[in-house]
Amino acid sequence: MNKQEIVQLVNEFPLVAELMSLKPLSWFNPNVTSYAEALPYVELTEVDVKETSDRLARFASFLCRVFPETIASKGIIESPLLAISTMQIALSERYETKLLGKMMIKLDAQLPISGSIKARGGIHEVLQHAERLALNAGILKLDDDYSKLDSDVCRAFFNQYKIAVGSTGNLGLSIGIIGACLGFRVSVHMSADARQWKKDRLRSHGVNVVEYEFDYSIAVERGRIEAEADPCCHFVDDENSTSLFLGYAVAGERLKQQLIEQEVVVDTKHPLFVYLPCGVGGGPGGIAFGLKQAFGDNVHCIFAEPTQSPCMLLGVHTGLHDKIAVQDLGIDNITAADGLAVGRASGFVGKAMERMIDGYITISDDEMYRLLGMMYDTEGLKLEPSALAGVPGIVHVLNNEAYLERMGLKGLLANATHVVWATGGGMVPEVEMTQYLQQARV
Ligand SMILES: *Cc1c(COP(=O)(O)O)cnc(C)c1O
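Going by my numbering, the sequence shown opens with residue 4, and the numbers climb by one from there.
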């Protein structure tokens with residue numbers, strides 16, 4: 004984009020100037036529709052999500068066997084859902100706002116195998132790929148006990164194949180760990196901001212880590228090029244993959260079950276708000292899709308991005324989707340929030356999901372750190388900065404009269420549940436966590 008085009012864009016969309024000022028803000032999309040009206044644009048259905056859920060169930064015996072930490076959940080990769088009432092009180096003081104309703108946290112930081120939201124989509128895509136190869140080769144049948152894949156014969160079979168992925172860290176970690184464990188040869192193309200311990204961890208699993216001095220989009224592009232040159236290589240396309248998206252979407256039915264077990268009601272009189280940190284969009288987009296299937300119009304999804312990387316907000320607000328990057332506006336895409344340092348949103352997710360996402364908020368790195376400290380002090384939870392991005396969402400929602408009025412939510416707020424999706428931090432080494440907590444205190 005040239006200077007003149009940007010001036011034009013700012014004239015047409017004053018919010019773009021506010022994004023450029025890096026001020027934390029929110030935008031509630033006036034063009035959201037009912038789930039029924041929005042569904043055809045996704046081009047995926049409830050049947051696709053059901054098939055994904057069934058596939059994960061087929062792999063449960065395998066996962067139990069190779070990842071003993073999944074035995075307690077019978078090989079199902081799922082995270083806890085907790086009320087955070089002490090944090091809620093601290094937040095209402097910090098933001099000087101009465102926070103009506105019940106705040107909860109969905110602890111994807113504690114997902115088994117890779118300690119982040121990427122244990123949903125990333126692991127599903129590798130399992131789906133492995134299943135397809137094994138079925139085609141006749142070494143697996145759909146009604147087999149999949150724990151048989153934990154064998155030298157099967158690992159030797161998968162070792163003929165490669166997997167490549169571009170990542171800021173967590174996706175690489177998930178794909179690398181599950182891929183290597185099945186026997187695949189995995190290359191992870193890491194952006195410059197990826198943390199050293201994530202690269203070290205992957206190398207210890209025998210994964211080929213390729214490092215770049217560039218950001219996420221370039222790392223993904225290089226991964227794509229490597230894979231295209233080799234017919235035996237499967238490229239996990241974080242920007243466009245429906246397999247990743249569906250892996251995330253299964254979270255909807257799982258959350259519904261957990262809320263039922265905890266006797267938390269969601270219906271027309273008891274709305275549910277869910278705050279989802281957003282990088283390229285597949286994780287939050289997929290989860291939002293699953294949530295809409297589970298709760299219909301009673302769930303309200305809000306995406307959260309760093310002030311330095313508001314790519315989805317920018318793409319959806321301007322309608323330009325992946326045709327614009329935050330760098331076009333001089334926003335640097337440099338943030339401590341791993342997984343959210345994405346300058347250009349997925350074209351697929353924004354276009355598919357924009358009618359189902361009520362709003363978008365941005366948050367500064369400083370605020371993520373401060374909330375990280377508060378979450379530790381009030382609830383004893385250890386998270387990485389990205390996982391806190393959605394926390395102020397409740398304040399933006401409750402203070403936005405126009406939005407609440409338009410959606411008919413005003414009288415219902417005392418009955419509402421607010422779920423903060425805490426997307427990562429489970430594998431952060433103790434030394435790094437200490438540094439995060441120190442950063443929170445400055
Ligand atoms: C990847 C990631 C996200 C966002 O997922 P996208 O699919 O990139 O939008 C959020 N939080 C963490 C910790 C992540 O690793």
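Where a beta carbon is used, it is the ideal one built from N, C-alpha and C, also for glycine.
Small disclaimer: the values here were computed from a predicted structure and weren't measured.
Cβ neighbours of residue i in the same chain (closer than 8 Å, five flanking residues each side left out)
i: F160; result: L136, A137, A140, I142, G186
i: F16; result: H320, T321
i: M371; result: P309, A339, A340, P388, S389, L391, A392
i: R58; result: H127, L130, Q131, E134
Beta-carbon contacts of residue i that lie in its chain and below 6 Å, excluding the five residues immediately before and after
i: S177; result: S117, K121, A122, G125, I126
i: A86; result: M107
i: L384; result: M378
i: V13; result: V19, A20
i: K413; result: L407
i: K201; result: G172, L176
i: G429; result: A112, Q113, G118
i: A41; result: R358, M359
i: C236; result: K165, A167, A230
i: C281; result: P287, F306, E308, M315
i: L332; result: M23
Pairwise C-alpha distance: residue j and residue i
i: F217; j: P388; result: 21 Å
i: P71; j: K77; result: 10 Å
i: R97; j: D368; result: 17 Å
i: N243; j: P234; result: 19 Å
i: R347; j: P432; result: 29 Å
i: D241; j: H303; result: 24 Å
i: A230; j: F238; result: 6 Å
i: I290; j: T171; result: 20 Å
i: N336; j: G169; result: 17 Å
i: E21; j: I327; result: 16 Å
i: V283; j: Y219; result: 9 Å
i: K53; j: N34; result: 29 Å
i: E8; j: Y44; result: 29 Å
i: E435; j: T48; result: 41 Å
i: I366; j: Q91; result: 18 Å
i: R204; j: N173; result: 11 Å
i: Q199; j: D155; result: 31 Å
i: H421; j: K105; result: 6 Å
i: R225; j: Q163; result: 21 Å
i: T271; j: D300; result: 8 Å
i: F248; j: Q131; result: 13 Å
i: F306; j: H399; result: 12 Å
i: T73; j: V223; result: 30 Å
i: N5; j: L386; result: 39 Å
i: Y215; j: A195; result: 5 Å
i: V269; j: S207; result: 44 Å
i: T381; j: L145; result: 47 Å
i: L110; j: D51; result: 25 Å
i: Q265; j: Y278; result: 19 Å
i: M2; j: G286; result: Lying outside 4 to 445, the shown extent of the chain, residue 2 is not represented and no answer is given.
Nearest-angstrom beta carbon gap, residue j and residue i [assumed within contact, 8 Å]
i: Y38; j: K295; result: 5 Å
i: T245; j: G342; result: The pair is not a contact, with the Cβ atoms about 20 Å apart (cut-off 8 Å).
i: L103; j: L416; result: 5 Å
i: F276; j: I79; result: With 8 Å as the limit, F276 and I79 do not qualify as a contact, their Cβ atoms being about 26 Å apart.
i: I298; j: M356; result: What sits at residue 298 in the sequence shown is Phe, not Ile. So it is not a contact: roughly 15 Å between Cβ atoms.
i: I1; j: P395; result: Outside the displayed span of the chain (4 to 445) sits residue 1, for which this structure offers no information.
i: G209; j: T55; result: Not a contact, Cβ separation roughly 28 Å.
i: C157; j: V69; result: Rounded, the Cβ-Cβ distance is 11 Å, inconsistent with contact.
i: I166; j: V129; result: 7 Å
i: G362; j: W30; result: 6 Å
i: A75; j: H273; result: Contact flag wrong, Cβ pair sits at about 30 Å.
Residue i at chain D interface by Cβ criterion, 8 Å
i: K413; result: In the displayed structure, chain D is absent; only one protein chain is listed.
Own chain, CB closer than 7 Å to residue i, minus 5 neighbours either side, in chain order
i: H324; result: G318, A348, G350, G353, K354
i: K101; result: S95
i: G2; result: Not covered by the structure: residue 2. The range shown for the chain is 4 to 445.
Contact test: residue i Cβ vs ligand 3 heavy atom, cutoff 7 Å
i: G376; result: Among the ligands in the structure shown, ligand 3 does not appear; only ligand 1 can be found there.
**Study point:** At least three beta-carbon pairs within less than 8 Å, the region 307-317 to the region 23-35
**Key:** These segments touch.
Check your understanding: Taking any heavy atom of ligand 1 as the mark, which residues have a C-beta closer than 5 Å to it, listed down the chain?
Key -> Residues whose Cβ lies closer than 5 Å to any heavy atom of ligand 1, listed in chain order: S119, N173, P280, C281, G282, V283, G284, G285, G286, G342, S389, T426, G427.
Review point. At a cut of 8 Å, does the region 187-202 reach the region 246-261 through at least three beta carbon pairs?
Key: Not touching, per the Cβ criterion.
Exercise for review: Could you tell me whether the region 327-342 touches the region 399-411, where touching means 3 or more Cβ pairs closer than 8 Å?
Suggested key: Short answer: they don't touch.
Review point. Quick check: the region 147-163 against the region 56-72, are there 3 or more CB pairs under 8 Å?
Key: Verdict: yes, contact present.
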